[in-house]
Structures are given as structure tokens and as C-alpha cells.
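Numbering (the working numbering), first residue to last: 64 to 705.
The beta-carbon is built from N, C-alpha and C at its ideal position, and this holds for glycine as well.
Just so you know, these numbers come straight off a predicted model, no measurement behind them.
What follows is the structure in C-alpha cells.
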């Protein structure tokens, strides 16, 4: 039996140390020139990499936890993706781990686990020796960017991928956020076929995308839950956040469980980029007065009146030019140059990490989008801004809207999906045209109950947008079905609270409350203005108003859509939110900001209408019969956007 390879140092003691030493002696791999440290522990080890010492060599941690031995990840100095990254992701996916360590850490670290017997230790030793051999031979160790979890009950071995955490205190390296990095020079993006608006078929990458992002132990997303709502398959992908035990979630609603699952994962991945800066390190802090040559004027983003800021307990602070803020760089299409926007506006979860940072207003993921390239993400981010701006313009200004003639659709799915929803839910489904001055097709879908059952939701709404109006309609209808089913389930048990919200709009505080409120028949009259125009519009007419669609280049579609905003006096700003996790899957993430458009908010007290003159100019320009002329003319009730 050979001596342990001299360049491989084993740190630790106990049965695992004995087993690893023995396995390394048996190894035939020539590792004489391979410096490495294997850190072993029969009990819980708080930080095996630190225990290895300050050496610039790979470290293979092997630790024990209740029911399992964990091997890896292989931690190499200067290489992202280390043991600490794995622990951060596991802690986010299992919030109880930190509490267990805090309460029982000393006992876990001092007491070897009884289930760790010699047979299990030999299996672990063999796995460790194989990892060192692969490293020595220039191969691909299984623990590079992953860890092995050995179940002590049956010695089952599972591999868990670890995405490097860009904010990891041990290995995270983020580039500075600079004006140069924010500059966008659009590149041609050939379409796979003339009707395509996505450059990759996510459906063909279902397995690889889920494998990249979903893992119950260490994934960016721990699991995807599926169900059925409104006759359509629905999926939910919970996403743990940095700095809090609260979670976000991605939702998928499609015609198959597979597609819904993938949509939910991709939406959660988009949320990850939009929540907190994970691709660049914020470097600019200062007042608007000091930065005004490069900074966007925050009131152009829509804030609150002075009386709202003065209310006791209001969580936001009024803007003034000497207020010190953190700023991030965005690209301005109007100026063709980088500009600064407040970080808490660009990243709607930044306040969780920087709790002392002043927040000017409530902000959500509005305008955040994911794509296979930056140009694709910009298109979908801008379409979301368009959808919500048009919806809120219709609501606040109480615009009577033309009905969309669904019979004029060339795509049979439009009529079939509307008919399916009507038959499945016993409701009348109407689609209304909310398109505003840019001509980008935007629609409002509304389902109204046809029964007199007081336990059923009276009305539900959804929005949609796309440069192809038929796709805008399909988007809205696909949103509507699952929301209907969800509200129908919730409403019977919430009728008393909904009645209170109908009497006091201030009680509408969450996203779900907005839909739930309009389940109450007593407030249906608030929606009747929508149907008052008596006009209709065909989908071909909406096509003619929209931007010409390029058959070959997606970037042409993007620039034409951006051009519609520039032509109407608005700028389009883009913050690149792409994180290393997203980049590793070939994805880009952005937030599109159009100062002057109406920001979507949830909770009636959070609505933002100050400093937005388009609220009064656009309805007049579009020829509405009674456009608002002051804030007093705006719709005072909570919006019904889901």
C-alpha cells in the first residue's frame, strides 16, 4: 500500500480522515505535482475552506450533516463557484438551516453523526479519491461547480449544481457599474423564421434550462409547482431573495404543463435580475444637483404629492435636489449616451440590501424582461411598459374603449381561446383596445359573469401588448383564465373583506386585492365606462397602426418600436441587469424605463400620478370625449390590473 500522495494534504480526523487517507494511498493517479487540500469532518464543519489555511491551492471540503455527507464544491482560489456560494444558495432555499445552526451549531460541530459508519466512510473516501484523480489528470471533477450529497441511509449519491454567487464574500468578483459598460450598440439579430419574435425556442431547451436553474438544494430556484386554473396548466417557481426570508415567484400560464413550467422558471430568473444588482457593482452616490448633467430627473418617473409624503408612517421620502442617492447607469436611446437613474428604481429589491437608502416611491418589476440577447430583452421590456401604461391611461382617464373584433383574427387560436374561456367559466369575454399615441398594440381583456351566483367573481381583467396585435390578445387571454380560477376560489371566503374594500379603497393593499375587489358585483359600475364608446376595431386595422415587422431581423423591430417613443417625445432608457447566473445560460436581462409613462403599482395608496402630464395630454390627443383636465378628474378608485 502506497503512502498518501505527498502534495495532497488531508486536514481533519475521525473515520472520514482514515477512509480518505486509505483511498488516496490506493489511487493510481500521478498527483506528485498536484497541490490540494482535502478537509474532512465527521461532524458539521462551519467553514472547511478556512480550516484549510490561506493556501492558493484547490480545497475539497467533505463535511457531515444530519443524514448526509457532502463532498464539495471543489473550491479553487480565483475561480467563482466555491463552498460559500453553495452555502448561500442552500440557506436561501432552506431558511431553517441558519436557525438550526444558530441554535445547535456547537453540538453539531462537536458530535460525530452516529449514522456515519465505516462502510459509508469508505464510500466517501472512494468518491474523494476519484475527485482528486480527475483533478490530477486534467479531467472534469464532479465537484467542480457542484457538490455530491451522499445519503447515509442507503449511500445514494446525488449531484447538485452550484451557480457561482456574484455577491459571494469569498469568491465574488463584480465589475464596476460604469458609463462605458452601460452603452448599448444594437447588433443585428437574424430571426429563425419570418414570424419569430424570440430567437431561441425555449421549449427545445426545457431540460437544459431547468437543469441550469432548478435544484432543491442549491438551485437559483428550488422547485417548480404545477396546477390547473381556469382550464389551463399553471406553474409557480418560488425564488428566494437576498437579505430577507421573503420570496418572489415566477408564474407560467400556457396550454401545456411543460410550457407553463418553463415560463415560470424564466420569469423567476428575470425577477432575480430585477431585484438587486447582481451583475455590476454600484459605484455612484450623490445628489441630483451634483449629478444633474448625467442624471434623470426623478419626478419624471412619477412620484407622490407632498401631502402623501407627509402622512405618518409613509415609507418613502420626498425628492429634493440635495438628497443623496445611489445611482446606476442606463443607456438613453434619445441621447445616445449613458445616463444615471436611482438604484432603487432600477432594482425594485435594492432596499432589502441597503436598508438606509432613501426610497422615493414604490417600485415593482415593471419593464424588466429576459431574452436570449439584449435586443430581445429590450423589446419585451418595452412591450410591458406599453401594456401597463396603456391600461392605466384607460383607467385613470376613464377612456371609453373600442372593442377588438376577435372574428377578424387570422390566427384561429384567438377565437378558440376566447370561446374556451367563455365555456369553461360561464362568462362573457371581451377584449378592448387600449393603444395610445405610439400605436403599439395594447389590449384589455375582461371576463364578466353570466350567472347571478353571488359567490362567483363578477368581473376580472388582464392586459396584453405586442407589436403583433393578435399576440397581444393571446397574451391577455392566457393571463385571464388562471386569474379567474384563482379569484373564484378566493372570493367566497373573502366576501366580507372585499365589501370593506369596496367602501374604503385604502384597504386595497396587495396585488391580489386589485383583482379581488372587482369580484364584488357592487363595484361593477366602476367598469362600465370601458364599454361606452360603441366602437370596434379589427385586428388588421391594429396591424396597420403598429410598427412594420421585419421578416429577417429582430433588431429592426426593436429600433422601430423604440422609435415610436422617441417620435412622441419620450426617451427609452435601458438598464442592463444581466447577472452571471443568467449569462451562463446565454440569457440577457434588462429593465426598460420610459420617463413620463404611467408606472404600475399595487396597493391603492401607492399609485403614482404626480408629475406625469401625459395623463391629461394623451386622452385629448386621442380624441376622447371627456379627457381629464386636472388631478381631480382622474379615476379615484383602485385599478383592476391583476
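Using the beta-carbon count (16 or more within 10 Å), is residue i buried or exposed?
i	result
residue 369	exposed
residue 127	buried
residue 646	exposed
residue 64	Here the model assigns residue 64 a pLDDT of 41, short of 50, so the residue's position is not dependable and the matter cannot be decided.
residue 147	buried
residue 264	exposed
residue 80	buried
residue 228	buried
residue 180	exposed
residue 95	For residue 95, the pLDDT reaches just 46, beneath the cut-off of 50, and the residue's location in the model is therefore unreliable, although a value from the coordinates is still provided. Result: exposed.
residue 348	exposed
residue 762	Since the first and last residues shown for the chain are 64 and 705, residue 762 lies out of range.
residue 131	buried
residue 704	buried
residue 489	exposed
residue 418	exposed
residue 676	exposed
residue 702	buried
residue 688	exposed
Could you pull the DSSP bridge partners for residue i from this structure?
i	result
residue 654	431, 638
residue 523	510
residue 394	401, 637
residue 301	312
residue 700	DSSP output for residue 700 lists no bridge partner at all.
residue 358	403
residue 668	In DSSP, residue 668 forms no bridge with anything.
residue 387	350
residue 138	122
residue 108	For residue 108, which the question treats as bridged, DSSP gives no partner whatsoever.
residue 673	366
residue 505	528
residue 296	291
Output the boundary residues of the beta strand (DSSP E) element that contains residue i.
i	result
residue 313	310-316
residue 125	122-128
residue 101	99-103
residue 134	131-134
residue 271	That residue, residue 271, is in no beta strand (DSSP E); its alpha helix (DSSP H) goes 269-276.
residue 47	Coverage of the chain is limited to positions 64 through 705, which leaves residue 47 absent and any answer about it impossible.
residue 467	466-468
residue 210	209-214
residue 74	71-74
Is the Cβ-Cβ distance between residue i and residue j less than 7 angstroms?
i	j	result
residue 446	residue 457	no
residue 285	residue 299	no
residue 398	residue 656	no
residue 523	residue 547	yes
residue 405	residue 382	no
residue 403	residue 468	no
residue 392	residue 634	no
residue 121	residue 149	no
residue 425	residue 697	no
residue 494	residue 473	no
residue 450	residue 350	no
residue 246	residue 401	yes
residue 323	residue 153	no
residue 544	residue 484	yes
residue 235	residue 338	no
residue 75	residue 104	yes
residue 423	residue 480	no
residue 588	residue 565	no
Does any residue of chain C have a CB that is nearer than 7 angstroms to the CB of residue i?
i	result
residue 174	In the displayed structure, chain C is absent; only one protein chain is listed.
The alpha helix (DSSP H) with residue i in it runs from where to where?
i	result
residue 335	320-338
residue 627	617-630
residue 78	78-89
residue 342	Segment: none, residue 342 is in no alpha helix (DSSP H) and carries neither H nor E.
residue 677	677-684
residue 187	181-199
residue 113	111-114
residue 369	369-372
residue 691	Premise fails: residue 691 is in no alpha helix (DSSP H) and is neither H nor E.
residue 646	643-646
*Pick out the complete beta strand (DSSP E) segments inside the stretch 529-610, 3 residues or longer, and give them in chain order.*
The stretch 529-610 contains these whole beta strand (DSSP E) runs: 599-601.
_Inside the stretch 399-443 only - beta strand (DSSP E) runs reaching at least 3 residues_ = Counting whole runs of 3 or more residues, the stretch 399-443 contains the beta strand (DSSP E) stretches 400-405, 431-434.
*Counting only runs that start and end within the stretch 152-178, where is the alpha helix (DSSP H) found for 4 or more residues in a row?*
Entirely contained in the stretch 152-178, the alpha helix (DSSP H) runs reaching 4 residues are, in chain order, 159-173.
*asked:* Threshold first: 4 residues or longer. Then list the alpha helix (DSSP H) segments lying entirely within the stretch 217-293, N to C.
replied: Runs found: 242-245, 269-276.
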